[in-house]
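Written below as structure tokens is the structure these notes are about.
Residue numbers (our numbering): 1397 to 1475.
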């Protein structure tokens, strides 16, 4: 999961590296509107991928997870 998010972030960076010198958000008319909206979209995509990386649940080891399941089963059995 984190590898996919990192790959997406790298691809966004490559697209920005290629596109930023060629577009002008201060241009008049549709060109400026397109450039501004494209930059905004890439910022949303980068923010979403960063959020996914930072707030992804941590993976647990199988042994720890198995012990927690056994404890839950015992608690459920006694209630």
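Idealized CB from N, CA, C, for every residue including glycine.
If you're wondering where the values come from, they're calculated on a predicted model, not measured in any experiment.
Length of the line joining the Cα atoms of residue 1408 and residue 1455:
To locate residue 1408, count along the chain shown from 1; it is residue 12. To locate residue 1455, count along the chain shown from 1; it is residue 59. Cα-Cα distance, rounded: 26 Å.
Whole angstroms is fine: what's the gap from residue 1463's alpha carbon to residue 1441's?
Residue mapping note: residue 1463 aligns to position 67 of the chain shown, counting from 1. Residue mapping note: residue 1441 aligns to position 45 of the chain shown, counting from 1. Going by the C-alpha atoms only, they are around 38 Å apart.
Closest by CA to residue 1400, which one among 1428, 1413, 1449, 1429?
Residue mapping note: residue 1400 aligns to position 4 of the chain shown, counting from 1. Nearest of 1428, 1413, 1449, 1429 to residue 1400, Cα basis: 1449.
Could you tell me the boundaries of the alpha helix (DSSP H) in which residue 1398 lies?
Sequence index remark: in the chain shown, residue 1398 carries index 2 (1-based). Segment 1398 to 1415, the alpha helix (DSSP H) holding residue 1398.
First and last residue of the uninterrupted alpha helix (DSSP H) at residue 1427
In the chain shown, the residue the question calls residue 1427 occupies position 31. Where residue 1427 is concerned, the enclosing alpha helix (DSSP H) stretches over 1426 to 1450.
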